Structure formats: structure tokens, C-alpha cells
Amino acid sequence: MASKRSEDEYGEKVNRAIVDTGVKMATGLVVGGVFSLVLFKRRTWPIAFGVGTGFGMGYSNAENDFQNKNAALLRRLQVDIQLHN
Amino acid sequence: MWRAAARGVAPRIKSSTVVKPLQQRCMSSGVPQKKGGKLKWFILLPSAALGGVAAYGEFVDPEVKKLMEENVYSPFQEYVYKPVMDMIAGSGKPAEEEQKPLVKVIPAKPVEKKPEPEKTAVKAPASPVPAAPAQPQPAGMSAKEREKLDIEQKLQQQREKEKAENTALESKLQELMNVCKTGLQEASEIQNEVISAVKKHAQALQTAMDDKTDILNKEGQWNAVTEAFQKRGVVTDNAKKVMDSLRLEKEKLKAMVEEARNNKSTKSNKILNQAQEAYNTVSSKLNAIESAIAKSESENRGLVKFNDLVEEGKKKFQKELESLMPDVKPGKGKKLSEEELNSLIAHAHRRIEQLQHQLANHLALEKERIQEALDMQRKADESVCDRRIEDEAQKIKNNVDLEKQKWGEEARVQFEVELRQQLARQAAAHSDHLQEVLKVQEQELLQKYERQFNLKFIEERQAFQAEIAGWVARLKGIETAVENRAAAEKIAREAQDLWLACLALNGTIRRGKEEELAWEERLKPLGNEIVAVYDAAGNHPFVNMIVSTIPEKAYVRGVWTEDTLRERFEKVSSVCKKVAAIDECGGTLYKYFISYLQSVFISLRSYDVKNLNDQVDVESMDNFEILANASYWMDRGDFEAAVRYMNQLQGEARKVAGDWLKEAKLLLETRQAAFALTAFASASGLGTVF
Numbered sequence: 149m150a151s152k153r154s155e156d157e158y159g160e161k162v163n164r165a166i167v168d169t170g171v172k173m174a175t176g177l178v179v180g181g182v183f184s185l186v187l188f189k190r191r192t193w194p195i196a197f198g199v200g201t202g203f204g205m206g207y208s209n210a211e212n213d214f215q216n217k218n219a220a221l222l223r224r225l226q227v228d229i230q231l232h233n
Numbered sequence: 223m224w225r226a227a228a229r230g231v232a233p234r235i236k237s238s239t240v241v242k243p244l245q246q247r248c249m250s251s252g253v254p255q256k257k258g259g260k261l262k263w264f265i266l267l268p269s270a271a272l273g274g275v276a277a278y279g280e281f282v283d284p285e286v287k288k289l290m291e292e293n294v295y296s297p298f299q300e301y302v303y304k305p306v307m308d309m310i311a312g313s314g315k316p317a318e319e320e321q322k323p324l325v326k327v328i329p330a331k332p333v334e335k336k337p338e339p340e341k342t343a344v345k346a347p348a349s350p351v352p353a354a355p356a357q358p359q360p361a362g363m364s365a366k367e368r369e370k371l372d373i374e375q376k377l378q379q380q381r382e383k384e385k386a387e388n389t390a391l392e393s394k395l396q397e398l399m400n401v402c403k404t405g406l407q408e409a410s411e412i413q414n415e416v417i418s419a420v421k422k423h424a425q426a427l428q429t430a431m432d433d434k435t436d437i438l439n440k441e442g443q444w445n446a447v448t449e450a451f452q453k454r455g456v457v458t459d460n461a462k463k464v465m466d467s468l469r470l471e472k473e474k475l476k477a478m479v480e481e482a483r484n485n486k487s488t489k490s491n492k493i494l495n496q497a498q499e500a501y502n503t504v505s506s507k508l509n510a511i512e513s514a515i516a517k518s519e520s521e522n523r524g525l526v527k528f529n530d531l532v533e534e535g536k537k538k539f540q541k542e543l544e545s546l547m548p549d550v551k552p553g554k555g556k557k558l559s560e561e562e563l564n565s566l567i568a569h570a571h572r573r574i575e576q577l578q579h580q581l582a583n584h585l586a587l588e589k590e591r592i593q594e595a596l597d598m599q600r601k602a603d604e605s606v607c608d609r610r611i612e613d614e615a616q617k618i619k620n621n622v623d624l625e626k627q628k629w630g631e632e633a634r635v636q637f638e639v640e641l642r643q644q645l646a647r648q649a650a651a652h653s654d655h656l657q658e659v660l661k662v663q664e665q666e667l668l669q670k671y672e673r674q675f676n677l678k679f680i681e682e683r684q685a686f687q688a689e690i691a692g693w694v695a696r697l698k699g700i701e702t703a704v705e706n707r708a709a710a711e712k713i714a715r716e717a718q719d720l721w722l723a724c725l726a727l728n729g730t731i732r733r734g735k736e737e738e739l740a741w742e743e744r745l746k747p748l749g750n751e752i753v754a755v756y757d758a759a760g761n762h763p764f765v766n767m768i769v770s771t772i773p774e775k776a777y778v779r780g781v782w783t784e785d786t787l788r789e790r791f792e793k794v795s796s797v798c799k800k801v802a803a804i805d806e807c808g809g810t811l812y813k814y815f816i817s818y819l820q821s822v823f824i825s826l827r828s829y830d831v832k833n834l835n836d837q838v839d840v841e842s843m844d845n846f847e848i849l850a851n852a853s854y855w856m857d858r859g860d861f862e863a864a865v866r867y868m869n870q871l872q873g874e875a876r877k878v879a880g881d882w883l884k885e886a887k888l889l890l891e892t893r894q895a896a897f898a899l900t901a902f903a904s905a906s907g908l909g910t911v912f
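Protein sequence lines, in the order shown, are assigned to chains A and B.
Everything in the first sequence is counted per my numbering, starting at 149 for the first residue and increasing by one.
Everything in the second sequence is counted per my numbering, starting at 223 for the first residue and increasing by one.
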């Protein structure tokens, strides 16, 4: 963590997300390609699948990164309490 | 050349290498050598050397001059210069001085017989005399001192003269006395001789005349008598001579004594008394001798007279005999004729008759004759007696004179002593009296003085004390003033210190570490400055409190400077803008994307910015408005307002600006504290200035 500044976190998150996604996509591509080559008689869909899977994973990761689930939970509970009261 | 020589050809030699004959060599130098010219160098060179050394010593090196003075100048002066000067100047005064004492001494005591002791006696006193005046008078003596010296010299000369005269006199008198003594001895001897001679003569005569026994030896006896007479004559002459000389000496002595008595300088010489005594003895003895001789002579005169008479008678008888019988010569062996014998007898009878007649006459006149003789003898005795009396009188007179002299001297001495005693007594009495009077006066004066002194002293003391009191008061005033001033200055100094420390703190807060580039590295821990402030304040409670409010992070890690925060704010603001729509739960990527899109389309400048003094409803402002305000105020330089607004962010923006806010808050806190301290320092400083 080069910078511990809070304002940089967003940027870093974004970077991570992009990188992560890219990597996953690349990996998916590769795996898909491999699968395509190996298993699926050179069809394109495993590659797309792989890329898609990769992207999906990356997106998912990014989202988790960006979200703050504890705070959400706290908010829901507060709302619930409020509602209860 | 050698080759040429080897070849057998005459070598070509340079003309300069040819050896010239001696004469030519000398001539070539131009000056022929002269043999006698060395003498002038013997004189010139040493004198030139001396002159050079003297000049060197004069102008360059005083040490050399000293050396020269010691070794060259002073011996020259002593042995050459001074004697010459003395010779030239010495023929003046000192020679005169030398002449005078000599001239005076010599005619005062003329002595013919013994010139040598005189000369030696004169030489001795003359030699110290010319030494005195011929002494070189030291230069530089004042006139007074010179006078004194002259007088002293003259006195000394006089004293020496007197001494010389006295010694000369003494020696002369001594000589004379010795001479007189020896003469006296001689005289006494001669007297004895004379007396013995006279006696002998008388005896011889007596025997010659009366002795009838030895008729045959009459001639011999008469010869003896003549011998004795001659001897007596000789001795008497001798005696006379001696006595005359002695008398002369005695007279000389007397004259000398008289003169010495008259001469002031030798009046009181003791030897005069001795000389006088000697003279007295000599004269008395001489007189005694003379009288003895006269006495013996007179004693024997009668006998001589008798002898003469007898001789006369005999001669008469013989003449008569001769007249009667002219051709008869007695003593011849011829026999006398009868006639002659008869005539002789007749003559003899006639003579006898005549003689008897004469005898009868004489017997008749015997008494008268005897009386006459007695008278004569008495007269002679009287004369002798007179003479003796005279002698005795003279002797007594001399003795008396001597005694008188002696008494006079004794009396004088005693008188002197008594006078001295009396004078001493008087002086003692006088001194005692003086002492007493002085003591009394001293007491009086002391009392007076003490009184006056005390009065003055008290006066002075009072005045002094008053002055001192004044000064002490002033001094005290000055002291208090100075102390106050010192205290004030101390406070001022402390305030200054505090102010400086606060300034330093402020400076550090404002600048941080200036040389670093990265924002994080600009942080400078404020620990030192704060400690400095704390120390400079002493133990002031206000300062203590304020210092305690400064957060620990500022001490340890330091504080972001406003500039850096401002710079950082840009990024913060932009990021916040991007996530402005997201709340703290975070959000899906979609939300983030939408927020981003929103931020793209919104410009912060489009918002109306609220004034600082307005009341702000924070709830109603959304992040964008907040951000707009904050950035507006940040741009205007109001950091605090910006921070205030930033603090109102919500959700994700808040999280994003969290760090920045923290730092900003830290900075503000610290700055607030620093400002408070500075204000306090200024206040206290200002207090002391006025």
C-alpha cells in the first residue's frame, strides 16, 4: 500500500478492479482457449465463456471491494430498530 | 703542438704562453716596486683601523664603543693625557703652596750646627702640604663646596704648619738639650780635671817649695811644677772653652724657648717646660762648676802668690848677686875666689840684716797685715758668696719661673676642665629646663589640638553621615528601581522567550520540513518546539493547559502544513465528487459508475456559496453543495470554513475525505493552541513593554 490516504483508496480500488478484471478475463481467455482447443474442438464459445467468467469474477470482486457490507448491515438493523420503535 | 714537436718542427705556440723575463713582467704592471714604502702603511693602517672601529662604535654598535673605552681611551687618558695636563697646569697654584710652608719653617728656627735634622724635619711637613692643594678638584662641585674644601685645606695646612713648627722646635730643643747635657758632662769632667790639675799644681808647688829633703831633685820638682802649671793652663783653657760653648748653647736654648713662648703656634708645647728645666739645670750646674773652679783657683792663688813672691825674691837675690859679682855664674864647677866669697858673705849678712829688719817690720805689722788679709779674704769670700747667692737666686728664680709656668699650665688646664664642667652643667640645666618647658607646651598644644580635632571631626562626621544617608537612600531607591527593572526585564525576557518559542512553533506548524518534497515527509514532530514553549513559560498554568490540549500526534509525528493540505484537498475534493452520491454502505459498481457519471456533469461552481455567518442547514446540503462550499472557501483561503464544510460530508465521501479531515482537524487544533500561546506571549510581552 503505497499511499494510506483515504482519498487514494477509491483510485486504488478502481485500479485493482480493472487489473483484477483484466487478469481474470485474460485467464478466462486462456483457459477458454485451452478448453476450446482441447475439449471443444476449436469452438469459440469456451473462450467467450472464459472471458465472460473472468469478467464476471472480476466484476464481482470489484463490487465486493467497493461495498461495505458491515455498514449496510448496520444500516438495515438501525432501520429495523427504528421501524420496531 | 706535440705532434708538431714529434714531427721535428718547431711548435706553433701562442704568443701569450711565452714566458716573459722578470723585468718585463714587473714593468708590465706599470709601477716599479720600492723597498722603503712599507713604513707609512705601519702608521696609516692602524690609525685607519682605529678610526674605523671608533666610527663603527659611535654610530652602529655601542658595545664596541664600550670595549674601546675600556681598553683604549681610558689607559690613554690616564697615562698620557692627564700627566701632560698636570704638567701644564701644575706649574701654577700648587707650586706656590709648596713654597710657602718651606719658606716659613726655615727662618723660624735657624740652627747652624745641625742642618740635616732640620732639613728632614722640614721636608716631612712640606710633603703632605703640597699634596693637599695639588689634589685635582673634582669637576662639578658647587662654589660653596669648593670654598669649604679650600677652607678645610687651609686649616689643614695651618695645622700641619704648626705641627711642623712644633716638631721642628721639639727636635731642635731636643738637640740643644742633648748638646747641653753632653756639654755639661764634659764641663763637669773638665771641672774635675781642672780642679785636679790645680790641686796637682799646688801640690807640686808645695813640694817644690817646702820639701827640704829631696834637694837634689829640686829641679825635677820645679819641672814638675812647670809641667803641672802648663797642664793646668791647658786644662783651664779647655774648660773655659767648653764652658763658653756651653754658655752659648744655654743662651741659644733660652732664646729659643723665649721665642717659642712668644710664637702663638708653639706656645703650648710641653717640651718648652722641659727645655726650661734643662736650661735651668744647665745654668745652675754651669755656675756651680764655675764657682767650684773659681773656688779651687782662689784657694790655690795664695799658694801661687807665695810661690811668685819666692820666685821674685830669688830672682832679686840672684840679680843682686849678679850685680855684685857679674862674672860669677852659679852652677859652674869653678871655685870662687876668696874676695868673691867675702863679698858674698858680706852681702849675705847685709841681706840677712835687711831681712831681719823686714821681718821685724812684718811681725809688727803682722796683725794688721793679717787683718788686711782677712779683710781681703772676707771680701773675696763675700764676692764668692755674692756670686753664689746670685747663682742661687738665679737658680731659684728660674725654678720659680718654671714652677710658675707649670702652675700656670696646670691652672689653665684645670680651669679649662672646670669651665667645661660648669658649661656642661649649665647646658644640662638648660636642656632640662627646655625639656620641661617643651613638655608642658606639648601637653597644652596636644589638648588644644585634640579639642579642635574632635570638634572638627564630629562636624565632618555628621556632614559625612548626612551625605552618606542621602546616598544610601538614593542607592536604595536605585536598587529597588533596578530590581524592578530587572524583574520587569526578566518577565520581558521570559515573555520574549515564550514569544520566540511560540513563533518557532507557529513557524514549524506553518512550514514543517521544507526541504522534503513528499507531503508525508514534511511532517515535523512538534515535540521540541512545544517543550521549548513549555520551558520558556516557566510553570504558567495557562501555558500548561494549552500545551496539554495539543494532541499527541502533533508531538510525535508532526502536523500537516496548510499548504500541503490545500494541495491534497484538490485530489480529495475530486475523489469526493466522484463518490458523492454513495452512502456509507458502499455500493455496487453500478452505483459507483452512476455517481461518477453524475460528477462528470456537475460543476461545483454552479452552486451558490453560503456566507460564513449564515446559519447553515446541514441536512439539506448534499455532498455536492458541501463540496462546492468547501472548495470555494478553500480557494478564498479560509481553511477553517472549508474544513467545517468538509466535516459535513456524508457517506462514502466522508470516508474518502476522512484522512484529510483528520489531518486538517489536527492542524487546526494545533494551530489554535499555537495561536493561543502566541496571543498569550504577545499579551504578556506587551504588558512588559509598557
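For each residue, glycine too, the CB sits at the ideal point set by N, CA and C.
Being a predicted model, the structure only gives us computed values, none of them experimental.
- The CB of ALA879(B) comes closer than 9 Å to the CB of SER154 and GLU155 in chain A, given here in chain order.
- Contacts between LEU811(B) and chain A, judged by CB atoms closer than 7 Å, involve TYR207, ALA210, GLU211 and PHE214 in chain order.
- In terms of Cβ geometry, ILE574(B) and ILE417(B) do not form a close pair [threshold 8 Å].
- C-alpha of GLU689(B) to C-alpha of ALA714(B): approximately 36 Å in a straight line.
- Here DSSP, grouped into helix, strand and coil, assigns ASN414(B) to helix.
- Taking all protein chains in view, the Cβ of SER653(B) is surrounded by fewer than 16 other Cβ atoms within 10 Å, so the residue is classified as exposed.
- Residue environment: TRP882(B) is assigned as buried (16 or more neighbouring CB atoms within 10 Å of its CB, all protein chains considered).
- Secondary structure at ALA740(B): coil, using DSSP grouped into helix, strand and coil.
- Judged by DSSP in its simplified three-state form, CYS807(B) adopts coil rather than helix or strand.
- In terms of Cβ geometry, PHE846(B) and LEU871(B) do not form a close pair [threshold 8 Å].
- Minimum Cα-Cα distance from CYS402(B) among the listed residues GLY455(B), ILE816(B), ALA461(B) and LYS474(B) corresponds to LYS474(B).
- Residue state for TYR501(B) is assigned as helix, using DSSP reduced to three classes.
- Around the beta carbon of TRP193(A), fewer than 16 other beta carbons lie within 10 angstroms, which makes this residue exposed.
- Using a Cβ-Cβ cut-off of 8 Å, ARG164(A) does not count as an interface residue toward chain B, since no Cβ of chain B sits closer than that to its own.
- Closest by C-alpha distance to ILE752(B), out of ALA895(B), ASN676(B), GLU885(B) and VAL456(B), is ALA895(B).
- The distance from the Cβ of MET478(B) to that of GLU512(B) is about 23 Å, inconsistent with a contact at the 8 Å cut-off.
- For MET465(B), the enclosing alpha helix (DSSP H) starts and ends at 440 to 484.
- In terms of beta-carbon proximity, ARG223(A) lines the interface with chain B, with at least one pair separated by less than 8 Å.
- Comparing alpha-carbon positions, the option among ALA430(B), ASN460(B) and GLY455(B) lying closest to ALA446(B) turns out to be ALA430(B).
- DSSP places GLU841(B) outside both helix and strand once states are collapsed to three, so it counts as coil.
- Using a Cβ-Cβ cut-off of 8 Å, ALA174(A) does not count as an interface residue toward chain B, since no Cβ of chain B sits closer than that to its own.
- Looking from the CA of VAL294(B), the closest CA among GLY279(B), SER817(B) and GLU792(B) belongs to GLY279(B).
- Among the residues facing chain B, GLY202(A) is not included, as its CB has no counterpart in that chain under 8 Å away.
- A straight-line Cα-Cα distance of about 30 Å links GLU806(B) and ALA740(B).
- Counting only runs that start and end inside the region 165 to 223 of chain A, the alpha helix (DSSP H) elements of at least 4 residues fall at 193 to 214.
- The beta-carbon of GLY159(A) is placed less than 8 Å from the nearest beta-carbon of chain B.
- Counting C-beta pairs with one atom in each stretch, the region 754 to 769 of chain B and the region 805 to 821 of chain B have fewer than three that are closer than 8 Å, which means they do not touch.
- Within the same chain, ILE417 and VAL420 come within 6 Å of SER518(B) by CB-CB distance, once the 5 residues on both sides are set aside.
- In this structure, LEU899(B) is the residue among VAL635(B), TYR301(B), LEU899(B) and LYS422(B) with its C-alpha nearest to the C-alpha of THR771(B).
- In this structure, DSSP gives TRP782(B) a state outside helix and strand, which the three-state scheme calls coil.
- Per DSSP, the unbroken alpha helix (DSSP H) holding ARG634(B) starts and ends at 588 to 733.
- With a cutoff of 8 Å on beta-carbon distance, GLY176(A) and GLY202(A) are scored as near each other.
- Within chain A, not a single residue places a beta-carbon under 7 Å from that of VAL822(B); the smallest gap is close to 15 Å.
- Distance from VAL755(B) to CYS724(B) at the Cβ level is roughly 6 Å; contact confirmed, criterion being Cβ atoms closer than 8 Å.
- Contact between GLN498(B) and LEU391(B) does not hold, since the beta-carbon distance rounds to 13 Å and is not under 8 Å.
- GLU157(A) places its beta carbon 8 Å or farther from that of ALA879(B).
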